[in-house]
Amino acid sequence: EDQVTQSPEALRLQEGESSSLNCSYTVSGLRGLFWYRQDPGKGPEFLFTLYSAGEEKEKERLKATLTKKESFLHITAPKPEDSATYLCAVQVETGGFKTIFGAGTRLFVKA
Amino acid sequence: DGGITQSPKYLFRKEGQNVTLSCEQNLNHDAMYWYRQDPGQGLRLIYYSQIVNDFQKGDIAEGYSVSREKKESFPLTVTSAQKNPTAFYLCASSSGRLGGELFFGEGSRLTVL
């Protein structure tokens, strides 16, 4: 069964304390892996797309990496404004359309 | 500015009533989607549409209906047949092939009283 699991469920950091969020997946075939940021009461906002193992993408304090089994979202020297829920989504290779979302990691950054 | 507009942002419904959530986009995207978000769960796909006058059921279509009469519009009706309709509903769109990078609206929170 295709599955996407994000860990931890919640993460509390001090401002400047770097860390990583994990997205592990078991799917029949990967077409693409996506990271989104979601603020409370808002819709998700696209961050990155990764297509193949070894690929990396960066944006400000965020860096996403991909292996054959998981993706990491590294946050370097986070600031309070980085507090949000980060969602991972995997698009599966299939004859039709199938994208599976993880439950997300809630990140809290304290000043 | 291009984007997706959902309305209303908050909606209260009595049991047994149908309600319609609006979704309009001015991104000129062909594909549009409706997702449901519940606490502690990943987004679940309700319906999606690749082109006008065509739409497909997603993973949890029971109790919902949609239409796609215009490229810009993809309204969702939550019917009385939906047993647990209280949730946060998200409309999204994408250009090119199905899936890929999704652009989301701000969401509509439906509460059944």
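Here the protein sequences come in this chain order: A and B.
Add 137 to a position in the first sequence, counting from 1, and you land on the number used in the numbering used here.
Add 17 to a position in the second sequence, counting from 1, and you land on the number used in the numbering used here.
Yeah, the Cβ is synthetic: ideal placement off N, Cα and C, and Gly gets one too.
If you're wondering where the values come from, they're calculated on a predicted model, not measured in any experiment.
Name, going along the chain, the residues of the segment 159-187 of chain A whose beta-carbon falls closer than 9 Å to a beta-carbon of chain B.
Listed by position, the residues of the segment 159-187 of chain A near chain B (Cβ gap below 9 Å) are Arg168, Gly169, Phe171, Tyr173, Gln175, Gly178, Lys179, Gly180, Pro181, Glu182, Phe183 and Thr186.
Cys160(A) versus Cys225(A): straight-line alpha-carbon distance, rounded:
Against the first sequence, residue 160(A) aligns to sequence position 23. Against the first sequence, residue 225(A) aligns to sequence position 88. Roughly 6 Å between the two C-alpha positions.
Among all the DSSP beta bridges, which residues are the ones paired with Asn159(A)?
As a working note, residue 159(A) is residue 22 in the first sequence. Answer is Ser144(A) and Phe209(A), bridged to Asn159(A).
Give the DSSP-derived three-state secondary structure of Glu218(A) in the structure shown.
Counted from its first residue, the first sequence places residue 218(A) at position 81. Glu218(A) falls in the helix class under three-state DSSP.
Whole angstroms is fine: what's the gap from Val36(B)'s alpha carbon to Leu62(B)'s?
Locating residue 36(B) in the second sequence gives position 19, counting from the first residue. Locating residue 62(B) in the second sequence gives position 45, counting from the first residue. Between the alpha carbons of Val36(B) and Leu62(B) lies a distance of about 18 Å.
Is Gln34(B) close to chain A? Criterion is C-beta to C-beta, closer than 7 Å.
In the second sequence, the residue the question calls residue 34(B) occupies position 17. At a cut-off of 7 Å between beta carbons, Gln34(B) makes no contact with chain A.
Own chain partners of Ala190(A) with C-beta closer than 8 Å, once the 5 adjacent residues on each side are dropped:
Indexing the first sequence from 1 puts residue 190(A) at position 53. Only Leu203, Thr204 and Lys205 meet the Cβ criterion.
Any C-beta of chain B under 7 Å from that of Gly239(A):
Looking up residue 239(A) in the first sequence gives position 102. Interface with chain B (7 Å Cβ-Cβ cutoff): Gly239(A) is included.
Check whether Arg149(A) and Phe245(A) have beta carbons under 7 Å apart:
Counting from 1 along the first sequence, the entry for residue 149(A) is found at position 12. Counting from 1 along the first sequence, the entry for residue 245(A) is found at position 108. It is a contact, given that the beta carbons lie within the stated cut-off.
Among Lys88(B), Lys87(B) and Ala78(B), which has the Cα closest to the Cα of Thr94(B)?
Locating residue 94(B) in the second sequence gives position 77, counting from the first residue. Nearest Cα to Thr94(B) within the set Lys88(B), Lys87(B) and Ala78(B): Ala78(B).
Residues of chain E with CB closer than 7 Å to the CB of Leu28(B), please, in chain order.
Among the chains of the structure shown, chain E does not appear; the protein chains present are A and B.
Touch check for the segment 24-41 of chain B and the segment 163-173 of chain A: three-plus C-beta pairs under 8 Å?
Look at the beta carbons and you see the segment 24-41 of chain B not touching the segment 163-173 of chain A: under three pairs across the two are nearer than 8 Å.
Assign Ile212(A) to buried or exposed, taking buried as 16 or more other Cβ atoms, counted over all protein chains shown, within 10 Å of its Cβ.
The count along the first sequence starts at 1 and reaches residue 212(A) at position 75. Taking all protein chains in view, the Cβ of Ile212(A) is crowded by 16 or more other Cβ atoms within 10 Å, so the residue is classified as buried.
Run through DSSP, which three-state label would Tyr64(B) get?
Indexing the second sequence from 1 puts residue 64(B) at position 47. The answer is strand: DSSP assigns Tyr64(B) an E or B state.
Quick one: which chain B residues come within Cβ less than 8 Å of Val141(A)?
Here the question's residue 141(A) lines up with position 4 in the first sequence. Gly59, listed in chain order.
Of all the CB atoms in chain A, is at least one closer than 7 Å to the CB of Phe121(B)?
Counting from one through the second sequence, the residue named residue 121(B) turns up at place 104. With 7 Å as the cut-off, Phe121(B) counts as an interface residue toward chain A.
Pairwise C-alpha distance: Asn70(B) and Glu152(A):
Counting from one through the first sequence, the residue named residue 152(A) turns up at place 15. Counting from one through the second sequence, the residue named residue 70(B) turns up at place 53. If I take the Cα positions, the gap works out to 50 Å.
With a cut-off of 8 Å on the beta carbons, I'd call Thr222(A) and Gln175(A) a contact; round off their distance for me.
Your numbering for residue 222(A) matches position 85 in the first sequence. Your numbering for residue 175(A) matches position 38 in the first sequence. The Cβ separation is near 5 Å, so the contact holds.
Same chain, Cβ closer than 6 Å to Leu60(B), neighbours up to 5 away in sequence not counted:
Locating residue 60(B) in the second sequence gives position 43, where the first residue counts as 1. Closer than 6 Å at Cβ, skipping near neighbours: Tyr52 and Gln54.
So is Arg114(B) buried or exposed if we call it buried at 16+ other beta carbons inside 10 Å?
On the second sequence, residue 114(B) is found 97 positions in, with the first residue counted as 1. Arg114(B) should be labelled exposed.
Considering only the beta carbon of each residue, do Leu127(B) and Pro92(B) sit closer than 7 Å?
One-based indexing of the second sequence puts residue 127(B) at position 110. One-based indexing of the second sequence puts residue 92(B) at position 75. Not a contact, by the Cβ cut-off of 7 Å.
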